[in-house]
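These protein sequences, in sequence, are chains R and Y.
Quick note: full-length UniProt numbering has the first sequence finishing at residue 610, numbered continuously throughout.
Quick note: full-length UniProt numbering has the second sequence finishing at residue 387, numbered continuously throughout.
A virtual CB, placed ideally from N, CA and C, is assigned to each residue, including glycine.
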Amino acid sequence: MTVTAQRLETIVTRVGRRAERTPDAVALRHKDFGVWQEITWSGYWSQVELVAHALLALGVEPGDRVAVHSENRPEWLYVDLATVAVRGITVGLYPTNPPAEVAYLLADSGARILLAEDQEQLDKALDIADLERIVYLEPRGIRGRYDDPRLIHWPDLLAIGAAHRAGHPDALARRMDEAAADDVATLIYTSGTTGPPKGVMLTVGNVEFAIRTLVEAGGFTSPPPSERDLILSYLPLCHVAERAFTVWFNAGAGVQVNFAESIETVQANLREVQPTILFGVPRIWEKVLAQVNIKLDAASPLKRAVTRLWLRVADRVGDTLVRTGGAHTPATRLLYALGWVFCYRSLRERLGMRRVRYAASGAAPIAPDVLKFYMGIGVAMHEVYGMSENTAIATANRPGRVKLGTVGEPQDGIELKIDEATGEIMTRHPGTFAGYWRNPRATADVLDADGWLHTGDVGEWEGGTHVRITDRMKDIIITGGGKNVAPSEIENALKASPYVKEAVVIGDQRPYLVALIGIELDTVGEWARRHGIAYTTYRDLSERPQTRALVQDIVLRVNERFARVEQVKKFAFLPKELDHEDGELTATQKVKRSAIAKLFEELVEGMYRA
Amino acid sequence: MTDTRSTAKAEVPDTPAGRSRRPRGRPLLYTSYTQDMALLDTRAKKIWTGLLVLLALSLSVVLADRSLEVLAGAYVLAIGAIGLNIVTGYAGQVSLGHAFFVAIGAYTAAAVSGPRGGEHLGLGLAEIWIWLPAAGLVAALFGVLVAPLATRLRGLYLAVVTLGLVFLGEHVFKEWDHLTGGPGVGREAAVPQLFGLPLDQDGFATKEQQLYVLMLVLLIVFAVAARNLARSRIGRAFSAIRDRDIAAAVIGVPLTRYKVLAFGISSFYAGCAGGLFYSISGYVEPGSFSLLLSVQFIAMVLIGGVATVSGAIAGALFISLLQPITRSLPELLPIVSADTTVTPNVFQVETVLYGLLIILFLVFEPRGLFGIWIRVRTYWKSWPFSY
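Below you can see the structure in the form of structure tokens.
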């Protein structure tokens, strides 16, 4: 199939063109039966075509929603692109979404067709009457046991597509020719830390602007990504950040996408793939750092001594890099070269970051100390900032001009301002979303008449070029004494310790700040084992007086860095690990403050009473 | 079971399987099973193996003839050790009867290549490419005949039965003068003649150099064949039987067939080693095929490393190089005599050493020399962590 010149550029035409130019180059890899199976651009394209024809055969009209509920895998991309090709709207669901949330999302979006990965995801959706078709990928437990007439097995879907293509060879081309820039391409549901999730409508034009700014102009990486770059796709694809790094980087620049087997195997997959571009959320970066410490404690004395020495050197190298913005001085270059021989090369190889030329952290605030560790061992780490509502286009730290603690400089060709009265960050550019799905009131709250998007984040300029984010506007605590405190800064300082997994600072309209702290079971467990402290469960370990002393020490050290009103006076342990299923975390592992405050009201009140 | 497998394939119709390309510098990223199963899967292994072979070849010009002869013998013993490793290491069937199969090979080779109508049995076919396979095949035939015992017996019982083979063989070879020349007398061994060129006489190089290169090449051929066998379907069946024969039978490995195969292949290696080994010295004596020879092979496998080809080679080299050292003991330690009638003599010291080394290795490093290598490698590979 040929791509006509006057046709509107979309992610679909981009993939189609790559399939024409480099049909045999690798587009995607996924691990199957222990081997990384390669999918070429032509293979990718032919699958997209088949699925698109199948969607046409199933009667998908422009504007219809197609939902995808699956871990990251090639079929996710096939359906995403096929949906855009037939001018439909892709709706991504988090694999961890509990049934109630799935029901809400499917009902709210009004999806007609659902791609469910396996029996687990299928069971969450069977009760939704509005779904016309449910396509499943893994037949185990489904075939021969379910007799819902709506079910279609993936190979059968492809067969439908092949039959439709044979009957109407140019139906897809005709539909693609009708594509318009204001077609909604996808609904990205916000994680909903406060209310129910809202669907962010991103149009074809938004996505194209994002590809031009972030990918082709090198808005993140420098030099811009190319066909030689590898990426590991492991975060949920329904989140705008992973969609950008997987789908848009792939379609826009030909970056080879490798799908991790699951979130549990990310470490092993990283080692195998050794990606050149790596995006992670703070939780991932913190976890990797904690793992390094655990493994070091268990290493033989010689290895431990040598590595600890070089990690101290890395810390100093990191300090210098922080001062210079990520550029080496001759002294740090020499130190780094020495350390590379003894430690950094192998350490990075073990972490799967040996070949990372660009690493980014985003989607949530991160402690600067964590970033400094990665800079010190030679992983070029950049904090970036964006949100679904502006197609992830806002600010980024640029290679060589990194300012730790800031989210970087505004992208080229966009408008960004900080409201003088409230300190709220506002953006305006062609990537600004088309509105919330079926929710004009919420849209009006964030999008003003002049086209400015109110991000809800409070920030300030640093040195006139970089933006520092203080906190989410609605999270800012006004203490009983009338002082404004940004809890996330304190929380991240606490979470920089490998022993602290969750920290929630509370104190709005209260005399002083308190914190709810959740320990990291892996590291504290290892620490307890080394100190001969016996424990049974998470809760039991939390309640040990030794654990309390350990965390007390961390809290005191963090307090030293803050002003008096910002100090945590008391803390209590969360009696359980926070979980998405129980409604304490969002699908992106962000803490739902209101839910936490309500669930553990007793604990909080206890800290103020005594 | 078959049902799911077929659908799994149907789901990815456009995925080309088995292509062997991968992005540079990512040794753990396998894009096909061929890469995953490759003998030399990393560049480092390719380079080092190549250098090792070059070094071994260059030794033929560097070393003195006497040393070359010892090394050539060591290479042949390595072939025999690999053979024992196949049945004992990979397939887990303890065999003390290896000396018996070596003897069969040695006499078959001698008989095929010996002069027709001479003092001893001979067919007059001196070409190595005739007598070497013949030696292997006849030994393999005996192996296959013995194998049914292994399907009925396990562990200690199998060891005792194969031990019996050695005594039977020793008796037959001592009595059958026409074939073996009788005890204490012996007969001429197989003549290594390649396309009319007798390699046991100085030709374009010295006799020792020719034999050294011949044995080296044959060792490489046999070693690569064994490595290939180990990673094939047969090799996996062997491992399954070794780890638990009942479980192997349950997952569908035909025990009898694979045990027979293990004994057959192992005996083939033993037979070839037997034919080659005595062609170096040019003389076979029936008394050499005693239990001691079997124990020597077991020592090579255990000291080198069970179920590894490189371990078997290392073990064979270790044991063979031990011999020249013990033989020079009388000059250093006057109490040890070179005379077999005096106690203690070098042969006794040798036997004691084999026993001692086996015990020490089994207690302190059950994976043998290969295990030591693995340990060193893991230490550096896991840097900067310990696992």
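Per DSSP, V200/R is paired with what?
-> Paired residue(s): I188/R and Y436/R.
Please name the residue in A181/R, S222/R, T221/R and I277/R whose C-alpha comes closest to that of L202/R.
-> The shortest CA-to-CA distance from L202/R to any of A181/R, S222/R, T221/R and I277/R is the one to A181/R.
3 or more residues per run - each beta strand (DSSP E) lying fully within the region 539-609 of chain R | With a minimum length of 3 residues, the continuous beta strand (DSSP E) runs that stay inside the region 539-609 of chain R are 568-573.
Can you name the residues of chain R whose CB is closer than 7 Å to the CB of W383/Y?
-> Neighbours of W383/Y in chain R, taken as residues whose beta carbon is under 7 Å from its own, are K303 and S346 in chain order.
Does the separation of the CB atoms of R21/Y and T31/Y fall below 8 Å?
-> The Cβ atoms of R21/Y and T31/Y sit closer than 8 Å to each other.
For A237/Y, which residues of its own chain have a beta-carbon under 6 Å away from its beta-carbon, when the five flanking residues on both sides are left out?
-> Excluding sequence neighbours, A237/Y sits near V253 and Y258.
Would you say S32/Y reaches chain R, if we count a Cβ-Cβ gap shorter than 8 Å as a contact?
-> For S32/Y, the answer is yes, since a Cβ of chain R falls inside 8 Å of its Cβ.
Within 8 Å, strictly: CB atoms of L278/R and A359/R | Yes, these two residues count as a Cβ contact at 8 Å.
Among residues of its own chain, excluding the 5 on either side of T40/R, which ones have a beta-carbon nearer than 7 Å to its beta-carbon?
-> So the list reads P23, D24, A25, V26 and A27, once near-sequence residues are dropped.
Any Cβ of chain Y within less than 8 Å of the Cβ of S300/R?
-> Yes, S300/R lies at the interface with chain Y (some Cβ there is under 8 Å from its Cβ).
Applying the criterion that 16 or more other CB atoms from any shown protein chain within 10 Å of the CB defines a buried residue, is R283/R buried or exposed?
-> It counts as buried.
With 8 Å set as the bound, which would you pick, yes or no: does the beta-carbon of L29/Y sit closer than that to a beta-carbon of chain R?
-> By this cut-off, L29/Y is an interface position.
Which ranges would you report for the alpha helix (DSSP H) in the region 277-305 of chain Y if only whole runs of at least 4 residues count?
-> Listed in chain order, the alpha helix (DSSP H) runs fully inside the region 277-305 of chain Y are 291-304, counting runs of at least 4 residues.
Contact set between R271/R and chain Y, taken where Cβ atoms lie within less than 8 Å | Around R271/R, the beta-carbon contacts reaching into chain Y at under 8 Å are L28.
What are the complete beta strand (DSSP E) segments, minimum 3 residues, inside the region 387-432 of chain R?
-> Taking 3 residues as the minimum length, the beta strand (DSSP E) runs contained wholly in the region 387-432 of chain R are 415-418 and 424-428, in order along the chain.
Should residue 630/R go down as buried or exposed, given a rule of 16 or more other Cβ atoms within 10 Å for buried?
-> Since the displayed chain R opens at 1 and closes at 610, residue 630/R lies outside it and no answer follows.
Work out the CA separation of G368/Y and G92/Y for me, nearest whole Å.
-> Whole-angstrom Cα-Cα distance: 16 Å.
Do you know how far the Cα of A163/R is from the Cα of A394/R?
-> Rounded to whole angstroms, A394/R to A163/R spans 44 Å at the Cα level.
Boundaries (first-last residue) of the alpha helix (DSSP H) holding A316/Y | Counting along the chain, the alpha helix (DSSP H) containing A316/Y begins and ends at V309 to R327.
In chain R, what lies closer than 8 Å to residue 391/Y by C-beta?
-> Nothing can be reported for residue 391/Y, as the shown portion of chain Y is limited to 1 through 387.
Within the same chain, show all residues whose beta-carbon is closer than 8 Å to that of L550/R, passing over the 5 residues directly before and after it, in chain order.
-> Scanning its chain for C-beta atoms nearer than 8 Å, with the 5 sequence neighbours on each side dropped, one finds around L550/R the residues Y499, V524 and W527, in chain order.
Is the CB of S386/Y under 8 Å away from at least one CB in chain R?
-> For S386/Y, the answer is yes, since a Cβ of chain R falls inside 8 Å of its Cβ.
My understanding is that G518/R touches E577/R, with C-beta atoms under 8 Å, so please give their C-beta distance in whole angstroms.
-> That belief holds up - the Cβ atoms of G518/R and E577/R are roughly 6 Å apart, short of 8 Å.
With a CB to CB cut of under 8 Å and the five nearest residues on each side skipped, what residues in its chain are close to V207/R?
-> The residues are T10, I11, A185, T186, W248 and T391.
Anything in chain R within Cβ reach of G235/Y, meaning under 7 Å, just list it in chain order.
-> Against G235/Y, chain R offers no close residue; the least beta-carbon distance is about 18 Å (beta-carbon pairs closer than 7 Å).
Put V112/Y into one of helix, strand or coil per three-state DSSP.
-> In the structure shown, V112/Y adopts helical secondary structure according to DSSP, grouped into three states.
Use the C-beta contact count for F600/R: other C-beta atoms within 10 angstroms, 16 or more gives buried, fewer gives exposed.
-> Label assigned to F600/R: buried.
Chain Y beta carbons: is any one of them nearer than 8 Å to that of W36/R?
-> At least one CB of chain Y lies nearer than 8 Å to the CB of W36/R.
Out of curiosity, what's the CA-to-CA distance linking R539/R and R398/R?
-> Using only the alpha carbons, I get a separation of about 43 Å.
Partners in chain R for P23/Y, counting only beta-carbon separations shorter than 7 Å | Contact note: P23/Y reaches chain R through L230, using a C-beta cutoff of 7 Å and chain order.
Close Cβ partners of G435/R (< 6 Å) along its chain, the five nearest in sequence each way excluded | Its chain contains M201 and T443 as the residues whose beta carbon lies nearer than 6 Å to that of G435/R, once the 5 sequence neighbours on both sides are disregarded; these appear in chain order.
Does the distance from the C-beta atom of T276/R to that of R355/R stay below 8 Å?
-> Yes, the pair counts as a contact, with Cβ atoms nearer than the cut-off.
Looking at chain Y, which residues of the region 274-285 of chain R have a Cβ within less than 8 Å of any of its Cβ atoms?
-> Contact annotation: in the region 274-285 of chain R, residues whose CB is within less than 8 Å of a CB in chain Y are Q274.
I think L106/R touches I128/R, with their Cβ atoms under 8 Å apart; what is that distance to the nearest whole Å?
-> Contact check for L106/R and I128/R: beta-carbon distance about 5 Å, within the 8 Å limit, so the pair qualifies.
Interface residues of chain Y facing L296/R [CB-CB closer than 8 Å] = Chain Y residues near L296/R: P384 and F385.
If you compare alpha carbons, which of T586/R, G199/R and L416/R is closest to T455/R?
-> Of the candidates T586/R, G199/R and L416/R, the one whose C-alpha sits nearest the C-alpha of T455/R is L416/R.
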